[in-house]
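*Asks:*
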Amino acid sequence: MLGILPIHKPAGITSHDVVNTVKFALNPKGTPKSERIKVGHAGTLDPFATGVLLVMIGKATRLEQFLHAHSKTYEATIQLGSSTTTDDTEGEILETQPVPELPNRTTLEVQLRNTFTGTLQQLPPTYAAIKQNGKKQYELAREGKAVHKKPREVEIHAIEVLECRAETNEIEIRVEVGTGTYVRALGRDIGEFLNTKAHLTRLVRTRIGPVVLESCIDPEIRSLEHIAQHLLPVSGPLLGMQEVSLSTEQRIAFEQGQPVENLHVEPGHYALALDQAQPIAIIETREHQTWPKIVLT
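Under my numbering, think of the first position of the sequence shown as 4, with each following residue one higher.
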């Protein structure tokens, strides 16, 4: 089995919990180790967050870097007036601060677009999956150990204010971001911009690349047939790359790890090589030849 299963992750469970659900459905108790199907996910969602989670099945687990590189769209509710240890509702209140009078929705949207779109330096949340000395920072934070946060370059492509509720000091936003952007940190920074504190009370990932929330299924996997029915085939559009059709000879060469000539894959780019719609390999051009980077058969 090879493909991507689009899951609508609910709140209260981890991305790893979803992977385990799929893994157990594909590999019932007693399945020999040599026959077990690998399962992974591309892009962690925090336990309190909901939305699109791409679960990779079989050799598709080797495609994480391409899925992770897609832009993503989120909707979030920002609660102004207080900050938390996690920048969301999972943490403890750190500080409260009065909320100044908010501008109207249109004015606020212009202000946020002017301040928070483009290439930015973002300080990640304390509770983040970033590695520090071989350990994830959220693990260190839970152990009470020091977390050394460093600003990271991120891309925020678009930001829209959906609603501005002055009576409850809440803002609802929709953002399109590049890989590595923390929307929790964005909410915190919007609070600082408005001269107050802030944290997220809701976070929904509505899109990863071409996969939208409406096409996702719930994580209650009922059968192998249920998985197969909703499995997305590995394709160029799904991975964000061109597709190249192979001859039988070219397919054999790639499966044996050998290069071929004249496939017209631009240097510095990847392509998905197909044989009669079957994914064979991720390929790249090096030294005037096209080589397999990842073989999928």
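For every residue, glycine included, the Cβ atom is placed at its ideal position computed from N, Cα and C.
On a predicted model such as this, the values are computed, not experimentally measured, just so you know.
(1) Identify the continuous beta strand (DSSP E) that holds A201 and give its terminal residues.
(2) Give the single residue among R289, Q292, V102 and S85 whose Cα lies nearest to the Cα of G94.
(3) So, is A225 buried or exposed, given that buried needs 16 or more other C-beta atoms within 10 angstroms?
(4) R39 by DSSP, collapsed to three states: which one?
(5) Identify which residue in A284, L70 and F27 has its Cα closest to the Cα of H44.
(6) Three-state secondary structure (DSSP) at I224?
(7) Are L83 and C167 close, meaning C-beta to C-beta below 7 Å?
(8) Determine, using beta carbons only, whether L216 and T209 come nearer to each other than 7 Å.
(9) When burial is assigned at 16 or more other CB atoms within 10 Å of the CB, is E78 buried or exposed?
(10) Residue range of the alpha helix (DSSP H) that P240 falls in?
(11) So, does the region 237–249 touch the region 272–282, judging by three or more C-beta pairs under 8 Å?
(12) Inspect the beta-carbon positions of P103 and N198 and report whether they are closer than 7 Å.
(13) Can you say whether G194 is buried or exposed, counting buried as having 16 or more other CB atoms within 10 angstroms of its CB?
(14) Buried or exposed: where does D49 fall if 16 or more other Cβ atoms within 10 Å of its Cβ makes it buried?
(15) With DSSP as the reference, label K75 as helix, strand or coil.
(16) Using only alpha-carbon positions, find the residue among G121, K41, K152 and T122 that is nearest to K134.
(17) Tell me the rounded alpha-carbon separation between E67 and T76.
(18) Since T24 is in the beta strand (DSSP E), which residue starts that stretch and which ends it?
(19) Look up G15 in the DSSP assignment and give the residues it is bridged to.
(20) Of all the options N30, K36 and P13, which has the alpha carbon lying nearest to the alpha carbon of T47?
*Replies:* Let me spell this out:
(1) From DSSP, the beta strand (DSSP E) with A201 extends over A201 to I211.
(2) When the alpha-carbon of G94 is set against those of R289, Q292, V102 and S85, the nearest one is in S85.
(3) Sequence check: residue 225 is Arg here, not Ala. Exposed: under 16 other Cβ atoms inside 10 Å.
(4) Three-state DSSP puts R39 in coil, outside helix and strand.
(5) Distance check between H44 and each of A284, L70 and F27 places L70 closest, using alpha-carbon atoms only.
(6) Here I224 sits in coil by DSSP.
(7) No. Outside cutoff.
(8) In this structure, T209 lies closer than 7 Å to L216 by Cβ.
(9) Buried, since its Cβ has 16 or more Cβ neighbours within 10 Å.
(10) That run of the alpha helix (DSSP H) goes G239 to L242.
(11) The answer is yes - the region 272–282 touches the region 237–249, with three or more Cβ pairs under 8 Å.
(12) Yes. Within cutoff.
(13) Looking at its Cβ environment, which holds 16 or more other Cβ atoms inside 10 Å, G194 is buried.
(14) It is buried - the Cβ of D49 has at least 16 other Cβ atoms within 10 Å.
(15) Three-state result, K75: strand.
(16) The candidate whose alpha carbon is nearest that of K134 is K152.
(17) CA-to-CA, the gap between E67 and T76 works out to about 18 Å.
(18) In the DSSP assignment, T24 falls outside any beta strand (DSSP E) and within the unbroken alpha helix (DSSP H) covering S18 to L29.
(19) Beta-bridge partners of G15 (DSSP): none assigned.
(20) When the alpha-carbon of T47 is set against those of N30, K36 and P13, the nearest one is in P13.
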